[in-house]
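Each remark here refers to the structure printed beneath this line.
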Amino acid sequence: MLLIDYIEKRYGKERGNKKKFLEDNPDIIGSELSRWLKNDYKINLANGEIYKPTSKIVKM
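See the structure below:
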């Protein structure tokens, strides 16, 4: 799931949703969050890990 989709789902789409996210996650700074959102980072809902999507394909 895209990080912005998670933020909008959990905190709503109204103004201040990113601020609420940062308040709940004090170890993340605003500029870092902005960079992640700009680069379409994703979040693993199972463990909360934020990662950069890649165009690599894995053989299954």
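Following this note's numbering, the numbering of the sequence shown begins with -15 at its first residue and continues without gaps. The beta carbon of each residue, even a glycine, is placed where N, CA and C say it ideally should be.
Beta-ladder partner(s) of residue i, from DSSP
i: residue 6; result: Beta-bridge pairing links residue 6 to no other residue.
i: residue 27; result: 34
i: residue 21; result: Looking at the DSSP assignment, residue 21 forms no beta bridge with any residue, so it has no partner.
Between the CA atoms of residue j and residue i - distance to the nearest angstrom
i: residue -5; j: residue 42; result: 33 Å
i: residue -1; j: residue 40; result: 35 Å
Option in the options with minimal Cα separation from residue i
i: residue -15; options: 40, 44, 31; result: 31
Cβ-based neighbour list, residue i, same chain, cut-off 7 Å, excluding 5 preceding and 5 following
i: residue -9; result: 1, 2, 5
i: residue 21; result: -13, -12
i: residue 23; result: 36
Sequence-distant residues of its chain with Cβ nearer than 6 Å to residue i (five each side left out)
i: residue 28; result: none
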